[in-house]
Amino acid sequence: MRIAIASGKGGTGKTFVATNLFWLASEMGMECVLADCDAEEPNVAGFLPGDTESVTEVFQQVPVIDPNKCTFCGKCYDYCAYNAILYLPEKRWIQVLPDLCHDCGACSYACEAGAITEKPRLLGKVKRSAYGPRSRLTEGRSEVRVYSAVAVIKKAIHEAGNKKVTILDSPPGISCPFIATVDKADYVVLVSEPTPFGLHDLKLSVSTVQQIGKPFGVVINKAGPGNREMYEWLKEYDIPLLMEIPFDREIARIYSDGGLLSREHTSYREMFRRLLKQILHFQSV
Amino acid sequence: MLGSKKMKQIVILSGKGGTGKTSLAAALATIDGPLIVADCDVDVANLHLLLQPEDEKQVRFTTGAKAVINQSLCTRCGACMDHCRFDAILFHDGRFTVSVTSCDGCRLCMHVCPADAISMKESNNSFWYTGSFRNGWMVHARLAPGEENSGKLVNVVREQSRMLQEKRGVDTILIDGPPGTGCPAISSMSGTDLAVLVTEPSRSAFHDLIRVKELTDRFHIPSAVVINKYDLNGQITVEIAEWCGREGIPLVGMIPFEPEVVEAMLHCKTVVEWAPESTAAKEILSLHQQIFKFNRMGIHKEEEI
Chain A
1 MRIAIASGKG GTGKTFVATN LFWLASEMGM ECVLADCDAE EPNVAGFLPG DTESVTEVFQ
61 QVPVIDPNKC TFCGKCYDYC AYNAILYLPE KRWIQVLPDL CHDCGACSYA CEAGAITEKP
121 RLLGKVKRSA YGPRSRLTEG RSEVRVYSAV AVIKKAIHEA GNKKVTILDS PPGISCPFIA
181 TVDKADYVVL VSEPTPFGLH DLKLSVSTVQ QIGKPFGVVI NKAGPGNREM YEWLKEYDIP
241 LLMEIPFDRE IARIYSDGGL LSREHTSYRE MFRRLLKQIL HFQSV
Chain B
286 MLGSKKMKQI VILSGKGGTG KTSLAAALAT IDGPLIVADC DVDVANLHLL LQPEDEKQVR
346 FTTGAKAVIN QSLCTRCGAC MDHCRFDAIL FHDGRFTVSV TSCDGCRLCM HVCPADAISM
406 KESNNSFWYT GSFRNGWMVH ARLAPGEENS GKLVNVVREQ SRMLQEKRGV DTILIDGPPG
466 TGCPAISSMS GTDLAVLVTE PSRSAFHDLI RVKELTDRFH IPSAVVINKY DLNGQITVEI
526 AEWCGREGIP LVGMIPFEPE VVEAMLHCKT VVEWAPESTA AKEILSLHQQ IFKFNRMGIH
586 KEEEI
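Just so you know, the protein sequences line up as chains A and B, in that order.
Taking this note's numbering, the leading residue of the first sequence gets 1, the next gets one more, and so forth.
Taking this note's numbering, the leading residue of the second sequence gets 286, the next gets one more, and so forth.
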C-alpha cells in the first residue's frame, strides 16, 4: 500500500511523520519502504542512514540542433510548448534552452530536416539503501539548479516498488512535484499545524487531493498553541483527524538532532502504531 | 528610508519549508516603508494573511493546457500513446483517455494524431492580485489546486512588482520565496540583489540551507543568513554560525523561539506590530537595519544598476 505523507505548507512535519511511521513498520518486521520524494530538499537520510546498495542517475533528453542541417523553418519552435527554443530566422540563429526543456520530444518529431538529436542531461540521482532485513529506503535528490524534480521523484517512487507499507515523503506545495507524488498513492496523510497559515494551506491541499481523487486523512502536528478553527473545519467537512501530536520542545529537540521520537518515547511509539494501524485498516475495508 | 536611489530586490528563501520565511518577510515589510512586497510562494501563499492587502486588481492566469481526446473522432490507432513521454495516455475498455495529473501539456499527441481527435483545454482558474497594504503595495497570487506552472506565475508576480515599483517610485521590493530549489525558487531569486536565507537549528534545515546557498551562488546572488528559533538547539546553531563564517556569509540575525511569534500569527499580525518589546521583534529590527545596510554598502552585484 502506498501512503503519501504530504502537506501544502512546508515544515509542518511530513518527514517527521514519515520517518517515524517507517521506523515503526520496520521494527514490527513488516515489509516496508520509504521513498524520499522531496527531491529538491531530501531530508530522510538525516534520520535513517541506511546502507547504500545502488545509485541510479536520472537523465532527461535535451535536443541538440545541428545548425548545418537546420533549414530554419521554425517548426520545432512552433511545436515547443515551453518556450525552450530561441529562434531568430532573419539571423539564421536557433538555440535550445535546456533549463526550460521538458523532454517531451515534440521538436524532434517536428523536425523534417533531421537536424535534431537528443543528448542526456543529468537531473538527479536515486539512491537505494537497506535499512533492516525487510526494509528499504530510496531517496530522490535533484541536482541543484535543475528546474523540475518530477522525473527524479517518479524514478524514486518506481525504485521503491510497492510493499505492504510503502511510504512516500512528499515535497511541499500543491503543484507538479506534489502531484507527481500524491498521484501514485493509495492513501494520503496530510500533515498540518493549527495556525492560520496551516489551515489556509490545508484547505488548498485538501482540494488538490480531492481533485486527484485520493482518500485522505489529517494529522495535526504542534497542537496546543494554535487555535480551534482547524478542528471545527475538519468536523464541518467530515474529514478524519487521524492523530494529534502536541507541541513539545522535547519533540522539536529530538527532531532537530536527527532523532526518531518513536524510538525514544514509548508513548509516542504507541501513537504512531495506532496511526499506522488506522491507515492499513483503510486498505483492507 | 533607504539612503540610495538604486532599486533593490531582496528575496527571502530557506530551502526547507516552515522555517519562518513568511513571518520574517511580513515583519520586515511593516518596519520601514513604503515598499513593494511580492509573495512568490504561489502554491500556498500566506503573506496576505498577515499583511491583509486591499486588492485593487485581480487577473486570471492561464497555467497551461491538458490534452482532451474526442472519442467520436478517435480511430484507436494508439499513436498518441506511442509518442507520449509522460505516460499520460491511458487505454482501458477499448478507449484512449488522458490522465490529467500526468499530462504535461506538450501538445505532441495533438500533433501526431492522424484523426485530429485531440485538442488542448486550458486551465485558467489561477489568479494574481495587486493592491495596497498598510505599509506599501503588494503583489500576490493563487495557484488553483492541481494546476501547474508555478514558476511562470512567479515570473508574473515578479514582473508586476517591478511595474508597481516604477509606478510608485519606491526603492525596495521584498520577495517572500517558496521552499525548495526548483523552478519557483529559481524564478523568485533570479536578478535579485540579496537573498536572506532563513534557517533553524535542525539537521534538516541546515542541510537544506547548504543546498539553497549553492543555488544562490550559482546565480551570483549575495546571501545573508538568519537563524530562527536559534535556542531550540544550541549546538546546531553554533555549527551553522561556524559554517557561515567559513563560507563568508554574514549571519545577520538570531531570532529566539518565543510564544509571541506564534501569538502574533494567530492574531494575523506581524511580531513587530504585535509584541514590539519581544526579543524576537527587537532582533528583527536589528537585522532589518543590517540587511538594508548591506545593500547600501554594495555587497550586491555592482553591475546590476
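Note that beta-carbon positions come from the ideal geometry of N, C-alpha and C, so glycine has one too.
Values in this document were obtained by computation on a predicted structure and should not be read as measured data.
Proximity to S404 (chain B) across B:A350, B:A565, B:D389, B:S417 peaks at B:A350, based on C-alpha coordinates.
Checking the DSSP bridge columns, you'll see H425 (chain B) partnered with B:Y414. For C32 (chain A), the uninterrupted beta strand (DSSP E) run begins and ends at 32-36, by DSSP. At a cut-off of 8 Å, the C-beta of T117 (chain A) has no neighbouring C-beta in chain B. Interface flag for K301 (chain B) against chain A is set, since a Cβ pair is found closer than 8 Å.
Under the three-state reduction of DSSP output, S408 (chain B) falls in the strand class.
What P561 (chain B) touches in chain A, judged by beta-carbon distance under 7 Å, is nothing: the nearest beta carbon there is about 20 Å away. Looking at the DSSP output, W93 (chain A) sits in a beta bridge with A:L88. The segment 239-254 of chain A makes no contact with the segment 563-572 of chain B, as fewer than three CB pairs between them are under 8 Å. By the criterion of a C-beta distance shorter than 6 Å, D103 (chain A) is surrounded in its chain by Q60, Q61, once the five residues flanking it on both sides are discounted. Residues of the segment 347-362 of chain B with a C-beta atom less than 9 Å from some C-beta of chain A are T348, G349, A350, listed in chain order. Counting only the Cα atoms, L298 (chain B) lies some 26 Å from L48 (chain A). Excluding five sequence positions before and after K125 (chain A), the CB atoms of its chain that fall closer than 7 Å to its own CB belong to V55, T56, E57, V58, R141, given in chain order. Sequence-distant Cβ neighbours of A566 (chain B) in its own chain, meaning closer than 7 Å and more than five residues away, are V556, V557, A560.
Chain B places a beta carbon closer than 8 Å to that of C104 (chain A), counting this residue as a contact. As the crow flies, the alpha-carbon of C32 (chain A) is around 11 Å from that of L168 (chain A).
Within its own chain, the residues whose Cβ lies closer than 8 Å to the Cβ of V441 (chain B), once the five positions on either side in sequence are excluded, are F346, W413, A426, listed in chain order. The beta-carbon separation of S129 (chain A) and R121 (chain A), rounded to 26 Å, does not stay under the 8 Å limit for a contact. Within chain B, the residues placing a beta-carbon under 7 Å from that of K9 (chain A) are G302, G303, V329, ordered along the chain. When Cβ pairs closer than 8 Å are counted between the two stretches, the segment 263-278 of chain A is seen not to touch the segment 431-446 of chain B, the count staying below three.
Chain A places a beta carbon closer than 8 Å to that of M550 (chain B), counting this residue as a contact. The DSSP assignment places complete alpha helix (DSSP H) segments of no fewer than 4 residues inside the segment 438-493 of chain B at 468-474, in order along the chain. Contact check for K14 (chain A) against V218 (chain A) fails: the beta carbons are separated by 8 Å or more. With a minimum length of 3 residues, the unbroken runs of beta strand (DSSP E) contained wholly in the segment 100-181 of chain A fall at 116-132, 135-142, 165-169. If you check the CB distance, D183 (chain A) and Y147 (chain A) do not come in under 8 Å. Under the three-state reduction of DSSP, Q343 (chain B) is assigned to strand. A Cβ of chain B is located within less than 8 Å of the beta carbon of A149 (chain A). For E499 (chain B), the C-beta contacts it makes with chain A under 9 Å involve V144, R145, in order along the chain. Cβ-Cβ distances below 7 Å link G50 (chain A) to S129, A130, Y131, L137 in the same chain, with the five nearest sequence neighbours on each side left out; the list follows chain order.
In the DSSP assignment, S192 (chain A) is bridged to A:I220.
Residues of the segment 184-215 of chain A with a C-beta atom less than 7 Å from some C-beta of chain B are T195, P196, F197, H200, D201, L204, S207, T208, Q211, I212, listed in chain order.
Beta-bridge analysis with DSSP links A350 (chain B) to B:E407.
Taking the C-beta atoms as reference points, V510 (chain B) is found no nearer than 8 Å to L551 (chain B). With respect to the 8 Å criterion, L97 (chain A) and A84 (chain A) are classified as neighbours on the basis of their beta carbons. Any Cβ of chain A closer than 8 Å to the Cβ of L334 (chain B) would place that residue at the interface, and such an atom is present.
When DSSP states are grouped into helix, strand and coil, K514 (chain B) belongs to the coil group.
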